[in-house]
């Protein structure tokens with residue numbers, strides 16, 4: 001093939017979330033270095049999630065893609081709690097999608113939710129005979145609803161070529177829902193360590209902006225307000241920790257993490273969190289600065305996590321990950337983080353331990369930086385796409 005391989009990524013929508021951050025970094029990186037010619041089709045142009053309306057044009061991922069010259073189109077839907085089923089798409093939507101899909105040599109889907117669109121196109125005879133890989137970012141298929149069934153159906157039909165999982169726990173969990181003919185690939189997450197790096201100036205600036213004493217420890221919780229993330233457990237851990245520690249401040253970043261969200265306001269009251277030391281910041285575009293202001297990056301997820309980006313993003317800036325044992329989290333933070341049970345008192349005790357030995361834990365996190373970078377990840381995705389395109393050429 002003399003021209004670059006044309007790769008189309010299907011997104012359910014462009015809104016806040018770790019999987020979208022990760023996949024967007026892959027698309028942007030491979031498009032920018034000329035490995036392939038990437039494009040994105042987003043089913044939704046807005047998303048109503050976690051008590052917020054997130055518009056595609058306002059999303060950081062959208063701006064990053066278009067800024068890198070990646071063509072982004074949309075069917076104009078509003079994403080909600082459930083992705084559209086194959087029968088939900090109108091003829092006009094399928095015709096619009098078909099015109100974009102027809103230009104692709106390889107199709108990637110961001111998670112399994114967009115697979116309903118591919119099934120609908122296939123039923124109409126509008127899906128070209130090209131390799132399809134579903135990029136998976138969860139460790140619990142049973143929480144994917146109907147999308148899990150679509151993954152199995154596309155695999156059984158022979159149209160799904162591969163799954164690309166960000167964690168071994170993800171690949172193992174989804175393997176029982178796809179036939180042996182579907183190739184299973186694992187590519188661990190990586191980050192831009194030039195962006196996520198230590199810096200004392202940002203720590204001072206963030207502390208001052210939030211009215212936090214410069215010598216006060218900070219715990220940051222970077223997650224959307226969702227049951228999977230178990231924000232209630234985080235808040236109970238804050239309450240337990242704050243009863244014994246009068247200095248530490250706590251930041252909450254992500255969709256729904258504002259006092260405008262009545263569910264968060266109620267959870268804060270129920271947990272008995274000290275108001276003056278809790279800072280709900282909502283969606284932030286300056287997460288490297290936020291992490292640089294922190295001593296601990298906390299994760300209290302109950303299920304679903306695979307390879308959480310917040311753990312390695314925080315560690316790369318010098319913050320210590322303290323996480324529950326979900327997905328591959330325990331393996332990811334081995335040597336520089338702390339793994340806890342799902343118990344607020346154990347989590348609070350772990351925070352106290354890290355704060356008391358801050359220089360030791362910070363040094364361990366920074367020493368891990370060389371293995372957290374994205375170069376290895378981009379090389380692996382590049383090879384997967386090239387293999388898919390090469391196999392298709394050979395078959396033709």
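Numbering (full-length UniProt numbering), first residue to last: 1 to 396.
We put the beta carbon where it would ideally sit given N, CA and C, even for glycine.
Note that this is a predicted model, so its numbers are computed, not measured.
Mapping DSSP to helix, strand and coil, what is residue i?
| i | result |
| --- | --- |
| residue 48 | strand |
| residue 384 | helix |
| residue 332 | helix |
| residue 165 | strand |
| residue 153 | helix |
| residue 193 | coil |
| residue 127 | coil |
| residue 137 | coil |
| residue 26 | helix |
| residue 42 | strand |
| residue 159 | coil |
| residue 187 | coil |
| residue 11 | strand |
| residue 371 | helix |
| residue 5 | strand |
| residue 36 | strand |
Determine the burial state of residue i: buried for a count of at least 16 other Cβ atoms within 10 Å of its Cβ, exposed for fewer.
| i | result |
| --- | --- |
| residue 218 | buried |
| residue 360 | exposed |
| residue 247 | exposed |
| residue 214 | exposed |
| residue 66 | exposed |
| residue 49 | buried |
| residue 53 | exposed |
| residue 353 | exposed |
| residue 137 | buried |
| residue 258 | buried |
| residue 239 | buried |
| residue 279 | buried |
| residue 38 | buried |
| residue 83 | buried |
| residue 260 | exposed |
| residue 1 | Its pLDDT being 47, under 50, residue 1 is placed unreliably in this model, and the coordinates cannot settle the point. |
| residue 86 | buried |
| residue 123 | exposed |
| residue 348 | buried |
| residue 59 | buried |
| residue 9 | buried |
| residue 171 | buried |
| residue 106 | buried |
| residue 356 | exposed |
| residue 125 | exposed |
| residue 3 | exposed |
Looking at residue j and residue i, is the spacing between their C-beta atoms short of 7 Å?
| i | j | result |
| --- | --- | --- |
| residue 327 | residue 321 | no |
| residue 254 | residue 222 | yes |
| residue 299 | residue 288 | no |
| residue 306 | residue 169 | yes |
| residue 316 | residue 323 | no |
| residue 366 | residue 332 | no |
| residue 242 | residue 274 | yes |
| residue 132 | residue 149 | no |
| residue 184 | residue 175 | yes |
| residue 438 | residue 301 | No information on residue 438 is available, as it lies outside the stretch 1 to 396 that the chain covers here. |
| residue 154 | residue 135 | no |
| residue 267 | residue 232 | yes |
| residue 336 | residue 293 | no |
| residue 112 | residue 147 | yes |
| residue 16 | residue 283 | yes |
| residue 224 | residue 256 | yes |
| residue 325 | residue 339 | yes |
| residue 73 | residue 56 | no |
| residue 362 | residue 318 | yes |
Is residue i a contact residue of the ligand ATP, with contact defined as CB to any heavy atom under 6 Å?
| i | result |
| --- | --- |
| residue 74 | Looking for the ligand ATP in the displayed structure turns up nothing, as the structure carries no ligands at all. |
Give me the Cβ distance between residue i and residue j, rounded to the nearest whole Å; I'm assuming they're in contact under 8 Å.
| i | j | result |
| --- | --- | --- |
| residue 191 | residue 35 | That belief does not hold up - the Cβ atoms of residue 191 and residue 35 are roughly 19 Å apart, past 8 Å. |
| residue 114 | residue 43 | 6 Å |
| residue 166 | residue 141 | The Cβ separation is near 14 Å, so there is no contact. |
| residue 381 | residue 30 | 6 Å |
| residue 110 | residue 89 | Not confirmed; about 18 Å, so no contact. |
| residue 220 | residue 290 | 6 Å |
| residue 392 | residue 164 | Not confirmed; about 16 Å, so no contact. |
| residue 7 | residue 104 | 7 Å |
| residue 5 | residue 385 | 6 Å |
| residue 295 | residue 358 | 6 Å |
| residue 180 | residue 156 | That pair is no contact at about 11 Å. |
Using beta carbons (cut-off 7 Å, strictly below), is residue i in contact with chain C?
| i | result |
| --- | --- |
| residue 265 | In the structure shown, chain C cannot be found, because there is only a single protein chain. |
field: Inside the region 47-118 only - beta strand (DSSP E) runs reaching at least 3 residues
entry: 52-55, 71-79 and 106-110
query: Can you give, in chain order, each stretch of the alpha helix (DSSP H) that sits fully within the UniProt domain "Glycosyl transferase family 1" (207-364) and has at least 4 residues?
result: 231-244, 262-271, 287-292, 309-317, 329-332 and 344-356
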